[in-house]
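In my numbering, each residue's number is its place in the sequence shown (first place is 1) plus 9. Just so you know, even glycine gets a beta-carbon here, dropped at the ideal spot from N, CA and C. All of these numbers come straight from a predicted model, not from anything done at the bench. For reference, the structure is listed below as structure tokens.
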Amino acid sequence: MLFKVVLETDRDNLCLPGLIYQEKLEAGRKLLLFEAFPPEALLRSLGEIIEVSKTEPDLLKLGSGLAISPLGPPAPDRLVIKTGGAFGSGFHPTTRLCLEILDALPPAPGVALDLGTGTGILALLLAHKGWARVLAVDVDPKAVAVLKHNIEQNGLGGRVFPLLGDLTALKGPFSLVVANLYLRLLIPGAVHIRSLLASGGRLVLSGFLASSLPAVKRAYTDLIPAKELVYQGWAAVSFVIP
Ligand SMILES: C[S@@+](CC[C@H](N)C(=O)[O-])C[C@H]1O[C@@H](n2cnc3c(N)ncnc32)[C@H](O)[C@@H]1O
10 MLFKVVLETD RDNLCLPGLI YQEKLEAGRK LLLFEAFPPE ALLRSLGEII EVSKTEPDLL
70 KLGSGLAISP LGPPAPDRLV IKTGGAFGSG FHPTTRLCLE ILDALPPAPG VALDLGTGTG
130 ILALLLAHKG WARVLAVDVD PKAVAVLKHN IEQNGLGGRV FPLLGDLTAL KGPFSLVVAN
190 LYLRLLIPGA VHIRSLLASG GRLVLSGFLA SSLPAVKRAY TDLIPAKELV YQGWAAVSFV
250 IP
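In structure tokens form, the structure reads like this:
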């Protein structure tokens, strides 16, 4: 059993009693794992405490039984995801929602696209679930470097293909597109994202608040909504392509 702490702090390379692991998360947050319960006053002196809880070393367990952990080694039932400052630890609600939707989808023939891949967490899940080819794209060179590390670490080199680039440069058709992006890209980019998809394929979108769900659905109005999930105020939606 470990103690998990999520802190909002800009401090790096912390040296604290019992600290066995530290990793930058999204939005200025930091994940810390301790062997013993950490002194709360000490944590408070470092930043705002978002969460303190007991945890197993596998921090996230999906419905299929697959665990996602920042700690190695990888195993047939565990993906090891390092963030290195890129988005995609698994803790953010939008990532969790996408993981839940993708975990329940069976693999299909053709190529899957993870648009805005960050650490590659969603692309790696797809490859792990049996997709033979997953293109993982991000505009951020730092994210692509972390992604390459995560692909290698999980032994998924022949299945996940990293690409540094912008979503507008891509051409389909893809059997599945997952885009945990931002509203400012998902709505103005709807026609282009739609054009990337093969008939009969799937689109999974997240990265927006639940209050924006109707606007997102209006932007993809010719698609058939399949699933909608909301968690901690964030939303995800999946569609089938007619
Ligand atoms: C919200 S994060 C999602 C990361 C990961 N897929 C997840 O679900 O946790 C969005 C990612 O999209 C990338 N991104 C932003 N604009 C992009 C664009 N125009 N084309 C491709 N990727 C982009 C960002 O660098 C960031 O890594």
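Check, Outcome
"Span of the alpha helix (DSSP H), counted from its first residue to its last, around residue 180", "Run containing residue 180: none; DSSP gives neither H nor E here."
"Residue environment, residue 229, which counts as buried when at least 16 other CB atoms sit within 10 Å", "buried"
"Start and end residues, alpha helix (DSSP H) containing residue 204", "199-204"
"Under the three-state DSSP convention, the category residue 136 falls into", "helix"
"Terminal residues of the alpha helix (DSSP H) in which residue 20 lies", "Careful: residue 20 lies outside any alpha helix (DSSP H) and carries neither H nor E."
"Under the three-state DSSP convention, the category residue 208 falls into", "strand"
"Close-in-space but distant-in-sequence residues of the same chain around residue 46 (CB under 7 angstroms, 5 per side omitted)", "12"
"Of the residues 127, 183, 131, the one placed nearest residue 208, counting alpha carbons only", "183"
"Interface flag, residue 97 vs chain B, CB-CB below 8 angstroms", "The chain inventory of the structure shown lacks chain B, comprising one protein chain alone."
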